[in-house]
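Scroll down for the structure; my scribbles are underneath it.
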């Protein structure tokens, strides 16, 4: 049924203007509220009660059988995690609960629009929950028309080790909510942004544990979040930022300063390029690969002084004609047989590869009357050789890019590595 039909049906039943009803529905749908929940909310607003919110009685389902197109459902589940967050909803701030539920068949995310009182580890029966699609998967929407009751017997699941949300950084994924981590703060900066309530001061930086490193943002800056501090952070959520997971501390996150320092790794996990790309983005990862090609846009470039985008023929895509600032970079395509990635080297790493400063490169370009000689020299150095690259990987519709922090030719013995791989395969 189209939005106009829903609006017309509701307006007729409530005796109010169709355009007003349609506007109310649109406001709710833009926040991914399921249509049944949206219709119920509009009914309540106009004094029509909560009846008629679903096309039929909710069906009782296992989590594995829930489909976004299957209508409202009832489930008997174990609560794995409960996170709390504040959002802007219909122009007002509202506190929601969110996390994961499980039964013997699987795990599903949920959003609860009010506090139903359940905690991690509880076994509950949830009735008349809406279902929406979120990030390509079904998610339960537990609203005012839903019911939540205590289940008399414990719901047994294969996922009980996930109760409470304890996690290592390497296991966090965008979309996780209600997680608990123990980390050490490696870097932290304070900055002011234009937030939803005007200018807001936040903290951002990098945290680490034994398994890896991730960027973080503290939206309610705490004095204990400082460089070198070891912290236990409960009720954090994870979202994607520039292609990698980011740990977020909200005003509901609780913080405990740990007496014993959290152990951190100095190395990054080394993955096959194909594995790293399939992961969809990683903050700190290391790969080995042979340079197949140095792409166009390498060597001497110019950047927009306002947004740092690369300038083409004096034109910035965002700011139009600008007086570009000189810079250097390398965009090298690496391949290890499992996949390819574009390693992007900044000016410092590019100067190391080039064997001279940017001033030297500009002088060489003037003498040759061709800027491309610099990129050609870099390609002569890199193509056909194997390099170890460490940095931040992002993956989007344009491909996989690895912003390099370290870039060096390998001194590994290929024969030894092949023998080790063969031993692993035979084990």
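Numbering (our numbering), first residue to last: 1 to 427.
Here a beta-carbon is modelled for each residue, glycine too, at the ideal position from N, C-alpha and C.
Endpoints, the alpha helix (DSSP H) within which residue i is located
{"i": "residue 72", "result": "Run containing residue 72: none; DSSP gives neither H nor E here."}
{"i": "residue 357", "result": "Segment: none, residue 357 is in no alpha helix (DSSP H) and carries neither H nor E."}
{"i": "residue 324", "result": "From DSSP, residue 324 is part of no alpha helix (DSSP H); its letter is neither H nor E."}
{"i": "residue 377", "result": "372-382"}
{"i": "residue 258", "result": "Run containing residue 258: none; DSSP gives neither H nor E here."}
{"i": "residue 24", "result": "18-29"}
Inter-residue Cα distance where the pair is residue i and residue j
{"i": "residue 64", "j": "residue 11", "result": "36 Å"}
{"i": "residue 217", "j": "residue 249", "result": "6 Å"}
{"i": "residue 294", "j": "residue 393", "result": "18 Å"}
{"i": "residue 236", "j": "residue 354", "result": "43 Å"}
{"i": "residue 22", "j": "residue 266", "result": "55 Å"}
{"i": "residue 99", "j": "residue 209", "result": "23 Å"}
{"i": "residue 314", "j": "residue 371", "result": "15 Å"}
{"i": "residue 231", "j": "residue 132", "result": "35 Å"}
{"i": "residue 408", "j": "residue 387", "result": "5 Å"}
{"i": "residue 61", "j": "residue 5", "result": "29 Å"}
{"i": "residue 307", "j": "residue 327", "result": "14 Å"}
{"i": "residue 33", "j": "residue 141", "result": "8 Å"}
{"i": "residue 163", "j": "residue 111", "result": "17 Å"}
{"i": "residue 373", "j": "residue 137", "result": "50 Å"}
{"i": "residue 190", "j": "residue 147", "result": "43 Å"}
{"i": "residue 124", "j": "residue 101", "result": "10 Å"}
{"i": "residue 269", "j": "residue 259", "result": "27 Å"}
{"i": "residue 247", "j": "residue 309", "result": "27 Å"}
{"i": "residue 239", "j": "residue 80", "result": "19 Å"}
{"i": "residue 86", "j": "residue 105", "result": "31 Å"}
{"i": "residue 305", "j": "residue 350", "result": "20 Å"}
{"i": "residue 299", "j": "residue 333", "result": "14 Å"}
{"i": "residue 221", "j": "residue 215", "result": "15 Å"}
{"i": "residue 467", "j": "residue 143", "result": "It is not possible to answer for residue 467, since the shown part of the chain is limited to 1 through 427."}
{"i": "residue 361", "j": "residue 339", "result": "32 Å"}
{"i": "residue 19", "j": "residue 9", "result": "12 Å"}
{"i": "residue 378", "j": "residue 347", "result": "13 Å"}
{"i": "residue 331", "j": "residue 135", "result": "31 Å"}
{"i": "residue 391", "j": "residue 402", "result": "6 Å"}
{"i": "residue 323", "j": "residue 358", "result": "18 Å"}
{"i": "residue 400", "j": "residue 282", "result": "11 Å"}
{"i": "residue 113", "j": "residue 24", "result": "17 Å"}
{"i": "residue 406", "j": "residue 376", "result": "22 Å"}
{"i": "residue 325", "j": "residue 297", "result": "15 Å"}
{"i": "residue 173", "j": "residue 381", "result": "37 Å"}
{"i": "residue 83", "j": "residue 117", "result": "12 Å"}
{"i": "residue 211", "j": "residue 224", "result": "23 Å"}
{"i": "residue 185", "j": "residue 177", "result": "20 Å"}
Cβ-based burial, residue i [other Cβ within 10 Å; buried from 16]
{"i": "residue 318", "result": "exposed"}
{"i": "residue 108", "result": "buried"}
{"i": "residue 321", "result": "exposed"}
{"i": "residue 37", "result": "buried"}
{"i": "residue 3", "result": "exposed"}
{"i": "residue 234", "result": "buried"}
{"i": "residue 329", "result": "buried"}
{"i": "residue 366", "result": "exposed"}
{"i": "residue 59", "result": "exposed"}
{"i": "residue 206", "result": "buried"}
{"i": "residue 254", "result": "exposed"}
{"i": "residue 40", "result": "buried"}
{"i": "residue 263", "result": "exposed"}
{"i": "residue 91", "result": "exposed"}
{"i": "residue 245", "result": "buried"}
{"i": "residue 88", "result": "exposed"}
{"i": "residue 384", "result": "exposed"}
{"i": "residue 302", "result": "buried"}
{"i": "residue 368", "result": "exposed"}
Residue i - containing beta strand (DSSP E), residue span
{"i": "residue 404", "result": "399-409"}
{"i": "residue 240", "result": "230-241"}
{"i": "residue 386", "result": "386-396"}
{"i": "residue 213", "result": "213-218"}
{"i": "residue 428", "result": "Residue coverage of the chain in this structure runs from 1 to 427, which leaves residue 428 outside it and unanswerable."}
{"i": "residue 344", "result": "340-345"}
Any non-hydrogen atom of the ligand ZN within 8 Å of residue i CB
{"i": "residue 146", "result": "Among the components modelled here there is no ligand, and therefore nothing to report on the ligand ZN."}
Which whole runs of the beta strand (DSSP E) in the stretch 165-200 are 3 residues long or more, in chain order? Runs found: 179-195.
Within the stretch 102-156, note down every full beta strand (DSSP E) run reaching 3 residues or more, in order along the chain. The stretch 102-156 is shown to contain whole beta strand (DSSP E) runs of 3 or more residues at 106-112, 123-134, 137-142 and 147-150, in chain order.
If contact is defined by three or more beta carbon pairs under 8 Å, each pair taking one atom from either stretch, is the stretch 280-292 in contact with the stretch 334-347? The stretch 334-347 vs the stretch 280-292: in contact.
Are three or more beta carbon pairs between the stretch 150-169 and the stretch 178-194 nearer than 8 Å? Because the criterion of three Cβ pairs below 8 Å is met, the stretch 150-169 and the stretch 178-194 touch.
Give a yes or no on contact between the stretch 145-157 and the stretch 184-202, applying the rule of three or more CB pairs nearer than 8 Å. Between the stretch 145-157 and the stretch 184-202 there are fewer than three inter-stretch CB-CB distances shorter than 8 Å, so the stretches are not counted as touching.
Any contact between the stretch 73-81 and the stretch 124-139? By contact I mean 3 or more CB pairs, one from each, below 8 Å. A contact is defined here as three or more CB-CB pairs under 8 Å, and the stretch 73-81 meets this definition with respect to the stretch 124-139.
Which complete beta strand (DSSP E) runs does the stretch 260-320 hold, if anything under 3 residues is left out? For the stretch 260-320, whole beta strand (DSSP E) runs of length 3 or above, ordered along the chain, are 281-294 and 299-303.
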